[in-house]
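Working notes, structure below.
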Amino acid sequence: MSKTSAKSENSRSAWLSSAVHSLAGAAVLISVGCASTTTSNTSRTGTEQLLISAAIDRAFSNVQFEDLAGYSVFIDEKYLDSVDKGYLVSSLRQKVLGSGGKLVPALDQADVVLEPRSGGVGTDSQESFVGIPAIGIPGLPIELPEIKVASRATQMGTAKIGLTCYDAKTGMSLGGGGEATALTHNNDTYVFGVGPFRSGSVLDQRSRAVGFNGVGGSFMSTGTNVAKAAPVKMIDQATAPLPSTPATQIAELPSGNRITK
Numbered sequence: 001m002s003k004t005s006a007k008s009e010n011s012r013s014a015w016l017s018s019a020v021h022s023l024a025g026a027a028v029l030i031s032v033g034c035a036s037t038t039t040s041n042t043s044r045t046g047t048e049q050l051l052i053s054a055a056i057d058r059a060f061s062n063v064q065f066e067d068l069a070g071y072s073v074f075i076d077e078k079y080l081d082s083v084d085k086g087y088l089v090s091s092l093r094q095k096v097l098g099s100g101g102k103l104v105p106a107l108d109q110a111d112v113v114l115e116p117r118s119g120g121v122g123t124d125s126q127e128s129f130v131g132i133p134a135i136g137i138p139g140l141p142i143e144l145p146e147i148k149v150a151s152r153a154t155q156m157g158t159a160k161i162g163l164t165c166y167d168a169k170t171g172m173s174l175g176g177g178g179e180a181t182a183l184t185h186n187n188d189t190y191v192f193g194v195g196p197f198r199s200g201s202v203l204d205q206r207s208r209a210v211g212f213n214g215v216g217g218s219f220m221s222t223g224t225n226v227a228k229a230a231p232v233k234m235i236d237q238a239t240a241p242l243p244s245t246p247a248t249q250i251a252e253l254p255s256g257n258r259i260t261k
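Numbering of the sequence shown is given in UniProt numbering, commencing with residue 1 and proceeding in unit increments.
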């Protein structure tokens, strides 16, 4: 074999080797692994529910439940129709008990009837941004997209709760009663598409929640600072009367049938 033929064969082998390596590299680059995760959400978001429950809590914080101390109270909820009715009624029960009142299950056992009603329990939303809105081009079926420099999405919770107290025996009013109204809000702010940067009453609650690790939902969230809430104490044994428990029963044989050694 001549030197020229050998040189040509080596060049061809080098070219084939280079081509194979190039194709292998391209295959690695274009071979992208894919995976998918199936998730689901509840019909109502946690933020919406927190806004409403926090508004209910705030409304009750403006009511003088101490006036019910020492009375047997029947909560009549037949005129109450609202979102999260269960939480509202249970919170009302807790407030009565915490103020020294006694809950009874029937009207004929009560001194006072407490009648709640809803004047409005729900949420509203609004959005605003700084930038350029989408602009349509006359004569063409296209439009220039909007450009947002900064934007904010705000959701507000409202709770207006009315309360009436009257004598369970006579049906006479025990006072003027009235309405307590409270508001809550949650703000999600984005700057050049980065966010959300959260603020508002929902963030105040989440920052005290077990497992909170940052602003939540943004790239700034980290796992290095996880909040630990104080445990909920169910019974204060130092002050609260403990539930009655039957005395231990010891079985004895009748006196005539006692076993003697």
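Using N, Cα and C, we set each Cβ at its ideal position, and we do this for glycine too.
Query: Sequence-distant residues of its chain with Cβ nearer than 7 Å to residue 117 (five each side left out); Result: 79, 80 and 162
Query: Paired residues, beta bridge with residue 181 - DSSP; Result: 160
Query: 4 or more residues per run - each alpha helix (DSSP H) lying fully within the stretch 44-89; Result: 46-60
Query: Residue of 147, 125 and 140 minimising C-alpha distance to residue 134; Result: 147
Query: Buried or exposed by the 16-neighbour rule on C-beta atoms within 10 Å, applied to residue 126; Result: exposed
Query: Reference residue 70; option with closest CA among 52, 62 and 97; Result: 97
Query: Test item: CB-CB of residue 205 and residue 68 under 9 Å; Result: no
Query: Cβ shell of residue 18 (< 8 Å), same chain only, five flanking positions each side left out; Result: none
Query: Backbone CA spacing between residue 185 and residue 110 [nearest angstrom]; Result: 38 Å
Query: For residue 41: DSSP bridge partner residues; Result: Paired residues: none, contrary to the question.
Query: Cβ separation of residue 76 and residue 113, assumed to be a contact under 8 Å, to the nearest whole Å; Result: 5 Å
Query: Cut-off 6 Å between Cβ atoms - residues of its own chain near residue 95, not counting five sequence neighbours on either side; Result: 60 and 65
Query: Residue from 120, 42 and 100 with nearest C-alpha to residue 181; Result: 120
Query: Boundaries (first-last residue) of the beta strand (DSSP E) holding residue 118; Result: 112-132
Query: Simplified DSSP assignment, three categories, for residue 236; Result: coil
Query: Residue range of the unbroken beta strand (DSSP E) whose run includes residue 194; Result: 194-200
Query: Where residue 135 sits in the DSSP three-state scheme; Result: strand
Query: DSSP bridge partner residues for residue 189 (one or two, in chain order); Result: 152 and 197
Query: Span separating the alpha-carbon of residue 194 from that of residue 233; Result: 40 Å
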